[in-house]
Amino acid sequence: MKILVTGGTGLVGSALVKKLRDLGHTVHVLVRKPSNNQHEFFWDYKVQEADDRAFDGIECIIHLAGASIGKRWTPDYRLEIVSSRVDSADFLLEKCKQHHIRLASFISASGINYYGTFTSDQILDEETGILHKDFLSDVCEKWEAAAGRFSAVASKTVIIRTAPVLSQKGGTMEELKKIADLNLAAGIGSGKQWFNWIHLDDLVNMYVAAVVTLEMNSVYNAVADEVPANRAFMKRLADAQGKFFFPVNIPAAVLRIMFGQMSEMILEGTRVSNKKIKSLGFDFKYETLTEAFAALGLARS
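Heads up, the sequence shown is in the working numbering, so the first residue is 6 and it goes up one at a time.
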């Protein structure tokens, strides 16, 4: 299959592109700078430009592009977070219409922040809906609405609501390991907020499943089975690295001063279910932190 990927040079995208090519697929990657790589093609959705060769014969689009939510949310950057996901998708849709492309599938990233940023023991599934309106839930709602518009050109649309990704190569785990390395690991805020996560390998495999599994044709949560509370997660991370764990939590006020509203991503968290994707026969390689930490090369877990 010939597949077009946006965000293909990021943490998830680069791993996914490699996996797809290893499986025999032809993968075109849209990049923001001109490239001499025959499989990379320039695009800039902001000025409505793209190398038309990128769209030749494509059967599937995987849309991973999006500005990082890990930077301070200034008013201008909030607009960038939304635009980089929504406007870029709308541009891809127009290119498909322009080239009279009929896709087998359009597959889009989203986030478990869709449900809202809050703390609760309620277990959320794909049918739950938005329970707490905030900036990130609004981003995800608009992101998914943009994906839904691809019903005009795609036989199926798949949305992957993703938890923080654990990997040796960057992302959430890299930052958390830095904290533990400095012997600064501690619960954050109440420490009772739930910490959903997924190993990079499982996330990549879920995207591959979305490409090849006909029955996978809606919204799916990308989260591992084990969902610890924040304090328990940080304690296990510190223990796994043989580092000190502070018995006193870091006050929420400190996080709010440092990161502003963005701190709510860390201070809040609810439990998210993966039963829907597992009902299709998808097997997680890393269901528990013990398995994930071992794969990440941590000393013990």
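For glycine and all other residues, C-beta sits at the position ideal for the given N, C-alpha and C.
Look up Gly-116 in the DSSP assignment and say whether it is helix, strand or coil.
-> strand
TODO: Could you have a look at Leu-9 and say whether DSSP puts it in helix, strand or coil?
DONE: strand
Residue from Thr-275, Phe-46 and Glu-132 with nearest C-alpha to Gln-198 | Thr-275
query = According to DSSP, is Trp-148 helix, strand or coil?
reply = helix
| message | Rounding to the nearest angstrom, what Cα-Cα distance links Arg-58 and Pro-233 in this structure? | response | 46 angstroms
Classify Ser-284 as buried or exposed, calling it buried when 16 or more other Cβ atoms lie within 10 Å of its own Cβ.
exposed
*asked:* According to DSSP, is Leu-181 part of a helix, a strand, or is it coil?
replied: helix
Item to complete: Taking only the alpha-carbon atoms, compute the straight-line gap between Phe-47 and Thr-31 and give it to the nearest angstrom.
Response: 17 angstroms
- Task: Whole angstroms is fine: what's the gap from Ala-151's alpha carbon to Ala-94's?
- Result: 6 angstroms
Is it true that the CB of Leu-208 sits closer than 8 angstroms to the CB of Ala-227?
yes
Item to check | Separation of Ser-89 from His-44, as counted between CA atoms | outcome: 22 angstroms
(request) Apply the 10 Å Cβ neighbour rule to Ser-223 and answer buried if 16 or more other Cβ atoms are within range, or exposed otherwise. (result) exposed
Could you say which of Thr-167, Leu-272 and Ile-135 lies nearest to Ile-255 if we only look at CA atoms?
-> Leu-272
message = I need the boundaries of the alpha helix (DSSP H) containing Ala-258, first residue and last residue.
response = 257 to 264
- Item | Cα-Cα separation between Gly-15 and Ala-157, rounded to whole angstroms | 28 angstroms
Check the DSSP bridge columns for Asp-49 and list the partner residues they point to. Glu-54
Inset, instruction - Take Gly-313 as the anchor and find which of Met-263, Ile-63 and Met-178 has the nearest alpha-carbon. - result: Nothing in the structure corresponds to residue 313, since the chain is present only between 6 and 306.
Buried versus exposed, by CB contacts within 10 Å (16 or more), His-104: exposed
- Query: Comparing alpha-carbon positions, which option in Leu-108, Thr-295 and Glu-54 lies nearest Leu-35?
  - Reply: Glu-54
**Study point:** Closest Cα partner of Val-1 within the set Leu-129, Lys-24, Ala-109 and Ile-193
**Key:** Here the chain has residues from 6 to 306 only, and residue 1 is not among them.
Bridge-paired residues (DSSP) for Thr-275
Ser-125
Original post:
What does a CB cutoff of less than 7 angstroms around Tyr-212 pick up in its chain, not counting 5 residues either side in sequence?
Top reply: Leu-21, Ile-67, Ile-112 and Ile-165
So is Met-221 buried or exposed if we call it buried at 16+ other beta carbons inside 10 Å?
buried
**Asked** Around the Cβ of Ser-73, are there at least 16 other Cβ atoms within 10 angstroms (buried) or fewer (exposed)?
**Response** exposed
When you compare the CB positions of Ile-8 and Cys-101, do they come within less than 8 angstroms of one another, or not? no
- Message: Can you tell me where the beta strand (DSSP E) holding Tyr-225 begins and where it ends?
- Response: 224 to 227
With a threshold of 7 angstroms on Cβ separation, who are the neighbours of Phe-287 within its own chain once the five nearest residues in sequence on each side are excluded? Met-211 and Ala-214
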